[in-house]
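For the record, the sequence lines run as chains A and B.
Residue 0 is where the first sequence starts when you use numbering that gives the first Met the number 0, and the numbers rise one by one after that.
Residue 0 is where the second sequence starts when you use numbering that gives the first Met the number 0, and the numbers rise one by one after that.
Just so it is clear, CB atoms sit at the ideal spot from N, CA and C, and this is done for glycine as well.
Encoded as structure tokens, the structure appears first; notes follow it.
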Amino acid sequence: MEDIKKLARELLADNKVQLVLGFENGTANRVRPAFFTTPEAVDKLIYNEFCIQNIALYLKKDICQHAASLAITANPNVVRSILQLAAENQIKEEKIKIIGITHEGKCVGLLDFKAAEEFSKTQPKGLKDEDKALIEKIQAMSLEEKFDYWVEAFSPCIKCYACRASCPMCYCGKCNVESNNPQWIPVAPHKYGNMEWHMMRAMHLAGRCINCGECNRSCPVDIPLNILSYMLSDFVLEEFESEAGLSAVFTPALSSYTMVDKENFIK
Amino acid sequence: MSEFEPKIVAFVCNWCTYAGADLTGTSRIKYATNVRIVRFPCTGRIDYMLLTKAFASGADGIIVSGCHPNDCHYTSGNFHARRRWMVFKKLCDFMGIDTRRIVFSWVSAAEGVKWADIVNTTVEEVRKLGPYESYHKLSTQDILA
Ligand code: SF4
Ligand code: SF4
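Given below as structure tokens:
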């Protein structure tokens, strides 16, 4: 942790960045994301095993957008997010200093985009064994069972949209769920509205999700909605050899095509 | 009168399949009347949400059809659509949405016969599957539950 602090302090002292995005201690033994703008403030910066929230989310918020330059304490999920945001032209390399941190919490120093790409390749993505097991379990179900499973799984959803708010890739200024003319997604959290909301969320993240699992962690009722995105990531990798979060120069699978895409399902 | 007649919604592009369906008519080819055709500028414009809306509004089957590859009026709309359909189909399969009820096809402006054939076979297949009760229930009764 000391090396992370030292780096952050130096960057601010040398005026290399205007702010550092990281974590500090919150109330009740919790950690929370924080912005540090002076070398002295960095005393409060922390990094430990609880700092798992994907703070790349804040890169699209006003405070970061308005900063001329910034640094961020970046675990592998954050690094992947930054690369994907860069690929989608949402952040420029000149503006951001990445303080790389491995899954184990080891600081690997400052990463430029090229180094970040190498780093991402060596760090496994946030897919847990239980996620894989759940995907396999669902795939083995019959059509009706799958449908019932998801209707049931979504039924506690209260449409708080915390999953959307916490996802670094859900950065659209106006989301389709807010559209009321036409109303694509019913507002009420009934079974039908929930089904379509989750279908839409999964489709909009297909080929863009970097598999950080934040959506699932932020869900107050523990819906395994990240499974949908994971499953599609696997599919996109298999079909189109395309994986989000590994390169800053990358066209997401659903923004591109090839002449030889499969069409054995088309009459 | 009680026999089940499938309701089919067809989302088609203006330049190929719509013209193809027109040719079916002007060629006096008879085909099933179960289909309601909705015309779009391009297959690239056919949002997958429209498909779920169709099911929610009572459709039992859906046809999505446009220009053959390399024939798109806007060059690449159908290529983008093809990828999206692949991903959407995968998602539907995973979520238990019945993709046997969604037929994708390429029908050119010259393929009036093929259009009649696609519609007829889709109607017959969906007739065998019966009404799409689970989704209809989701979008009607379950809203009140
Ligand atoms: S969809 Fe979930 S797992 Fe994927 S990038 Fe967004 S928050 Fe992370
Ligand atoms: S965070 Fe959970 S409850 Fe809230 S909208 Fe997302 S899935 Fe529904």
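Requested in this report: Can you tell me which of the three DSSP states Val259(A) falls into?
Outcome: Translated into the one-based positions of the first sequence, residue 259(A) becomes position 260. Coil.
Query - chain A contact residues for Val102(B), given Cβ-Cβ distances below 8 angstroms - result: On the second sequence, residue 102(B) is found 103 positions in, with the first residue counted as 1. By Cβ distance, chain A contributes Lys266.
Query raised in the report: Sorry if obvious, but does the Cβ on Asn210(A) come closer than 7 angstroms to a heavy atom of ligand 1?
Result: By one-based count along the first sequence, residue 210(A) stands at place 211. Checking every heavy atom of ligand 1 against the Cβ of Asn210(A), one is found closer than 7 angstroms.
Query raised in the report: Does the Cβ of Cys156(A) lie closer than 7 angstroms to at least one heavy atom of ligand 2?
Result: Here residue 156(A) corresponds to residue number 157 of the first sequence, with the count starting at 1. Flag set: Cβ of Cys156(A) near ligand 2.
Query raised in the report: Going by C-alpha distance, which of Asn33(B), Glu4(B), Gly129(B) and Ile117(B) is nearest Asp97(B)?
Result: Taking the second sequence and counting its residues from 1, the one referred to as residue 97(B) is at position 98. Cα-wise, what sits closest to Asp97(B) is Gly129(B).
**Report entry** Local conformation of Ser56(B) per DSSP, three classes
**Finding:** Against the second sequence, residue 56(B) aligns to sequence position 57. Coil at Ser56(B), not helix or strand.
Query raised in the report: Going by alpha carbons, who is nearest to Phe39(B) out of Val8(B), Ala58(B), Ala31(B) and Phe54(B)?
Result: What you label residue 39(B) is simply residue 40 of the second sequence in a count that begins at 1. Measuring from the Cα of Phe39(B), the nearest candidate turns out to be Val8(B).
Query raised in the report: Using a threshold of 7 angstroms, is the CB atom of Asn53(A) nearer than that to any non-hydrogen atom of ligand 1?
Result: Numbered from 1 along the first sequence, position 54 holds the residue referred to as residue 53(A). Yes, Cβ of Asn53(A) sits closer than 7 angstroms to a heavy atom of ligand 1.
Query raised in the report: Beta-carbon of Gly95(B) versus every beta-carbon of chain A: anything under 8 angstroms?
Result: In the second sequence, the residue the question calls residue 95(B) occupies position 96. So, interface residue.
Query raised in the report: Which chain B residues sit within Cβ distance under 7 angstroms of Met336(A)?
Result: Because residue 336(A) is not part of the residues shown, which for chain A are 0 to 266, the question remains open.
Query raised in the report: What do you reckon, is the C-beta of Val220(A) under 7 angstroms from a heavy atom of ligand 3?
Result: As for ligand 3, it is missing from this structure, which binds only ligand 1 and ligand 2.
Requested in this report: Label Gly43(B) either buried or exposed according to how many other C-beta atoms from any shown protein chain fall within 10 Å of its C-beta, with 16 as the threshold for buried.
Outcome: Stepping through the second sequence from its first residue, residue 43(B) is reached at position 44. Here Gly43(B) is buried, its C-beta having at least 16 other C-beta atoms within 10 Å.
Report task. Determine, using beta-carbon pairs with one atom in the stretch 144-161 of chain A and one in the stretch 90-109 of chain B, whether at least three such pairs fall under 8 angstroms. Result -> yes
Query raised in the report: Distance, Cα to Cα, Lys89(B) vs Ser80(A)?
Result: As a position in the second sequence, residue 89(B) is number 90, starting the count at 1. As a position in the first sequence, residue 80(A) is number 81, starting the count at 1. Lys89(B) and Ser80(A): Cα-Cα distance of roughly 24 angstroms.
Query raised in the report: Is any heavy atom in ligand 2 found nearer than 7 angstroms to the beta carbon of Leu227(A)?
Result: For the purposes of this step, residue 227(A) is identified with residue 228 of the first sequence, where counting begins at 1. No.
Query raised in the report: Does the beta carbon of Asp260(A) sit closer than 8 angstroms to a beta carbon anywhere in chain B?
Result: Here residue 260(A) refers to the residue found at position 261 of the first sequence. Answer yes: the Cβ-Cβ gap between Asp260(A) and chain B drops below 8 angstroms somewhere.
Query - Inter-residue CB distance, Asn53(A) and Cys218(A) (contact presumed, cutoff 8 angstroms) - result: What you label residue 53(A) is simply residue 54 of the first sequence in a count that begins at 1. What you label residue 218(A) is simply residue 219 of the first sequence in a count that begins at 1. At roughly 14 angstroms, the Cβ-Cβ gap does not stay under 8 angstroms, so Asn53(A) and Cys218(A) are not in contact.
**Report entry** Distance, Val122(B) Cα to Arg35(B) Cα
**Finding:** The count along the second sequence starts at 1 and reaches residue 35(B) at position 36. The count along the second sequence starts at 1 and reaches residue 122(B) at position 123. Using only the alpha carbons, I get a separation of about 12 angstroms.
Report task. Using the Cα positions of Val150(A) and Ala243(A), report the straight-line distance between them to the nearest angstrom. Result -> As a first step, residue 150(A) is located in the first sequence; it is residue number 151 there, counting from the start. As a first step, residue 243(A) is located in the first sequence; it is residue number 244 there, counting from the start. Cα to Cα, the separation comes out at about 28 angstroms.
Query raised in the report: Do His72(B) and Tyr256(A) come within 8 angstroms of each other at the CB atom, strictly closer than that value?
Result: Taking the first sequence and counting its residues from 1, one reaches residue 256(A) at position 257. Taking the second sequence and counting its residues from 1, one reaches residue 72(B) at position 73. Not closer than 8 angstroms, so no.
Requested in this report: Return the CA-CA distance between Tyr46(A) and Cys162(A), expressed in angstroms with no decimal places.
Outcome: By 1-based counting over the first sequence, the position of residue 46(A) is 47. By 1-based counting over the first sequence, the position of residue 162(A) is 163. Roughly 24 angstroms separates the two Cα atoms.
Query - C-alpha gap between Gln17(A) and Lys91(A), whole angstroms - result: Residue 17(A) sits at position 18 when you count from the first residue of the first sequence. Residue 91(A) sits at position 92 when you count from the first residue of the first sequence. Between Gln17(A) and Lys91(A), the C-alpha separation is close to 15 angstroms.
Query raised in the report: Is it buried or exposed for Asp128(A), if we count other Cβ within 10 angstroms and need 16 for buried?
Result: Residue 128(A) sits at position 129 when you count from the first residue of the first sequence. By the neighbour-count rule (16 or more Cβ atoms within 10 Å), Asp128(A) is not buried but exposed.
Query raised in the report: In terms of residue numbering, what span does the alpha helix (DSSP H) encompassing Pro68(B) cover?
Result: Along the second sequence, one-based indexing puts residue 68(B) at 69. Counting along the chain, no alpha helix (DSSP H) covers Pro68(B), and no H or E run does either.
Query raised in the report: Can the beta-carbon of Arg83(B) be found closer than 8 angstroms to that of Leu253(A)?
Result: The residue given as residue 83(B) occupies position 84 in the second sequence. The residue given as residue 253(A) occupies position 254 in the first sequence. Going by C-beta atoms, Arg83(B) is nearer than 8 angstroms to Leu253(A).
Query raised in the report: Hey, how far is the Cα of Met0(B) from the Cα of Met230(A)?
Result: As a working note, residue 0(B) is residue 1 in the second sequence. As a working note, residue 230(A) is residue 231 in the first sequence. With a pLDDT of only 47 at Met0(B), under the threshold of 50, the placement of this residue in the model should not be trusted, and no figure is reported.
Query raised in the report: What number of angstroms, rounded off, separates the C-alpha of Thr72(A) from the C-alpha of Gly57(B)?
Result: In the first sequence, residue 72(A) corresponds to position 73, counting from 1. In the second sequence, residue 57(B) corresponds to position 58, counting from 1. Thr72(A) and Gly57(B): Cα-Cα distance of roughly 51 angstroms.
Query raised in the report: For Ser138(B), which residues of its own chain have a beta-carbon under 8 angstroms away from its beta-carbon, when the five flanking residues on both sides are left out?
Result: If you number the second sequence from 1, residue 138(B) lands on position 139. Correct list, in chain order: Phe54, Ala55 and Ser56.
Query - Residue range of the alpha helix (DSSP H) that includes Lys145(A) - result: Locating residue 145(A) in the first sequence gives position 146, counting from the first residue. First-last of the alpha helix (DSSP H) with Lys145(A): Leu142 to Phe153.
Query raised in the report: Does Val174(B) get closer than 8 angstroms to chain A when you measure Cβ to Cβ?
Result: The shown model of chain B, from 0 to 144, leaves out residue 174(B), and the question about it has no answer.
Report task. For Ile45(A), write down the residues that DSSP places opposite it in a beta bridge. Result -> Residue numbering aside, residue 45(A) sits at position 46 when the first sequence is read from its first letter. Looking at the DSSP assignment, Ile45(A) forms a beta bridge with Phe22(A).
Query raised in the report: What in chain B is Cβ-close to Met168(A), meaning under 7 angstroms?
Result: Position 169 of the first sequence holds residue 168(A). Within 7 angstroms Cβ-Cβ: nothing; Met168(A) doesn't reach chain B, min ~15 angstroms.
Query raised in the report: Hey, is Cys159(A) close to ligand 2, as in C-beta under 7 angstroms from one of its heavy atoms?
Result: What you label residue 159(A) is simply residue 160 of the first sequence in a count that begins at 1. Relative to ligand 2, the beta carbon of Cys159(A) is positioned inside 7 angstroms of a heavy atom.
Query - Rounded straight-line distance, which links the Cα of Met168(A) to that of Cys208(A) - result: Along the first sequence, one-based indexing puts residue 208(A) at 209. Along the first sequence, one-based indexing puts residue 168(A) at 169. Using only the alpha carbons, I get a separation of about 7 angstroms.
Requested in this report: Give a single yes or no on whether Ser246(A) has its beta carbon closer than 7 angstroms to a heavy atom of ligand 1.
Outcome: Taking the first residue of the first sequence as position 1, residue 246(A) is located at position 247. No - ligand 1 has no heavy atom lying nearer than 7 angstroms to the Cβ of Ser246(A).
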